[in-house]
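Enquirer:
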């Protein structure tokens with residue numbers, strides 16, 4: 001699976017003209033406010049099939065062109081990028097359509113929900129010479145930024161083990177509509193939702209090719225829901241082991257875990273981390289707990305900056321889509337493991353390197 005790392009076509013004239021695809025809660029509260037105040041971007045259109053949400057988009061942006069479908073948008077608008085905020089089932093079609101018109105893409109996670117769609121997206125975006133950039137905002141949560149900084153500066157030495165837990169109540173998520181618990185729309189359950197974030201965080205810490213993946217899952221007990229609401233995920237690397245526990249069955253919202261190195265340990269506890277090394281203990285406090293809220297406007301600022309840097313060639317092309325591809329690949333191996341008695345599945349290098 002080869003990725004496009006060549007310089008992409010971009011507009012020399014700012015602001016870059018864009019359209020938001022899907023105007024639900026994430027678009028309104030995590031994307032729109034940033035684009036409205038960023039002089040590098042100008043949102044000139046919104047695509048939204050729901051009439052009430054189109055009206056909401058009009059109130060948020062005032063001077064905006066509204067469309068019910070992608071085809072009409074691309075026929076009538078000249079764009080530099082689209083920002084995909086639809087449920088996951090709609091991502092592939094929107095990305096491929098953008099490739100046809102050579103329009104760059106910013107897309108909420110998961111980028112796509114199947115390896116077949118991933119292959120198609122990678123091939124088509126390479127042909128089109130565009131940037132496809134998947135939102136990875138959890139990496140920029142203050143608690144994770146500090147944790148990654150401590151790891152990168154050698155505070156706990158070589159990483160040996162990571163354990164992370166994400167607890168959410170059964171009514172978590174939802175937004176404007178509770179599509180996260182509908183397989184045909186979400187493409188997967190909590191593994192595709194919270195698992196995606198935790199996988200790119202883990203990979204950014206360990207920086208190695210995974211060797212094996214195994215997973216055990218529980219499913220929502222309803223004929224309407226055919227997706228996992230609790231997962232124990234194990235990822236083995238050459239020099240480290242990772243365990244990630246995810247649940248939508250908890251009585252409270254909480255994020256916690258630890259990262260163990262050969263020279264120390266970092267404990268993560270929602271609104272603070274504790275660093276223990278060389279016989280000393282340091283505590284770092286953060287404002288809001290990691291488990292608080294879902295839109296995280298401030299975490300999106302670095303994402304928008306990195307997207308812009310890829311567009312203008314300031315940042316290495318293909319770095320982000322490579323990260324997204326690895327997330328989906330490991331999630332796919334986890335589903336394969338669970339479907340085969342939770343056996344370990346060998347992970348290969350999907351980038352033909």
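Numbering (my numbering), first residue to last: 1 to 353.
Don't be surprised by glycine CBs; every beta carbon is placed ideally from N, CA and C.
On a predicted model such as this, the values are computed, not experimentally measured, just so you know.
1) What's the gap between the Cα of residue 324 and the Cα of residue 205?
2) For residue 289, collect the residues of the same chain with a Cβ closer than 7 Å to its Cβ; drop the 5 residues on either side in sequence, then sort them by chain order.
3) With DSSP as the reference, label residue 56 as helix, strand or coil.
4) In or out: residue 88 buried (at least 16 other Cβ within 10 Å) or exposed?
5) For the pair the region 284-298 and the region 111-128, tell me if three or more CB-CB distances fall below 8 Å.
6) Any idea what DSSP makes of residue 135, helix, strand or coil?
7) Can you list the alpha helix (DSSP H) stretches of 4 or more residues lying completely in the region 172-259, in chain order?
8) To the nearest angstrom, how far is it from the Cα of residue 130 to the Cα of residue 15?
9) For residue 167, which residues of its own chain have a beta-carbon under 7 Å away from its beta-carbon, when the five flanking residues on both sides are left out?
10) Once you ignore the five residues that flank residue 176 on each side, which residues in its own chain have a CB closer than 6 Å to its CB?
11) Just to confirm my understanding: we take residue 157, look at its own chain, exclude 5 residues before and 5 after, and list those with CB closer than 6 Å. What are they?
12) Where residue 337 and residue 171 are concerned, what is the direct C-alpha to C-alpha distance, given to the nearest angstrom?
13) Locate the alpha helix (DSSP H) running through residue 149, then write down its first and last residues.
14) Could you check whether the region 209-221 touches the region 331-347, counting it as contact only if at least three pairs of C-beta atoms, one from each stretch, sit closer than 8 Å?
15) What separation, rounded to the nearest whole angstrom, lies between the Cα atoms of residue 183 and residue 207?
16) Could you name the residues of the same chain whose beta carbon sits closer than 6 Å to that of residue 244, not counting the 5 residues immediately before and after it, in chain order?
17) Count the CB pairs spanning the region 301-310 and the region 31-44 that are closer than 8 Å, and state whether there are at least three.
18) When you compare only the Cα positions, how much space is there between residue 29 and residue 180?
19) Once the 5 residues before and after residue 86 are set aside, which same chain residues still bring their CB inside 7 Å of it?
20) Thinking just about the alpha-carbon of each residue, which of 116, 283 and 235 is nearest to the one in residue 345?
21) Is it the case that the Cβ atoms of residue 259 and residue 265 are separated by a distance below 8 Å?
Expert: Well, looking at it:
1) 15 Å
2) Excluding its 5 nearest sequence neighbours in each direction, residue 289 has C-beta neighbours in its own chain below 7 Å: 270 and 271, listed in chain order.
3) The answer is helix: DSSP assigns residue 56 an H, G or I state.
4) buried
5) no
6) coil
7) 183-186 and 196-206
8) 18 Å
9) 247, 250, 252, 253 and 254
10) In this prediction, residue 176 has a pLDDT of 47, which is less than 50 and means its spatial position is unreliable; what the coordinates show is noted afterwards. Correct list, in chain order: 24 and 25.
11) 261, 262 and 263
12) 27 Å
13) 142-152
14) At 8 Å Cβ cutoff, the stretches touch.
15) 31 Å
16) 164, 198 and 233
17) yes
18) 18 Å
19) 21, 22 and 94
20) 235
21) yes
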